[in-house]
């Protein structure tokens with residue numbers, strides 16, 4: 257499936273996914289996910305608890321870079337840079353000339 261087709265596939269179903277997560281029977285799962293997010297700071301970074309196969313548990317930092325930081329990361333190699341942000345996710349779209 258091409259990148260464009262994949263984006264269209266998920267865009268066409270976004271409202272359906274939203275409806276699924278609003279259902280009362282999904283709320284327990286969502287609360288479990290929230291519990292899995294161990295900590296959150298004022299910048300929006302979270303530390304998640306990850307359990308390994310050996311039973312050990314580790315805190316993993318999940319950073320949320322600013323738009324400026326993301327643009328800086330692809331500066332000089334990308335064109336058409338566009339940041340998409342949702343409540344819990346983000347995606348940086350861009351083109352690399354010659355590819």
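Residue numbers (the working numbering): 257 to 355.
From the three backbone atoms N, C-alpha and C, an ideal C-beta is built for every residue, glycine too.
- Within the same chain, and ignoring the five residues on either side of residue 339 in sequence, the residues whose Cβ sits closer than 7 Å to its Cβ are 323, 326, 346, 348.
- The continuous alpha helix (DSSP H) containing residue 329 extends over residues 323–330.
- For residue 337, the uninterrupted beta strand (DSSP E) run begins and ends at 335–341, by DSSP.
- Residue 316 is bridged by DSSP to 304.
- Just so you know, the alpha carbons of residue 331 and residue 320 end up roughly 18 Å apart.
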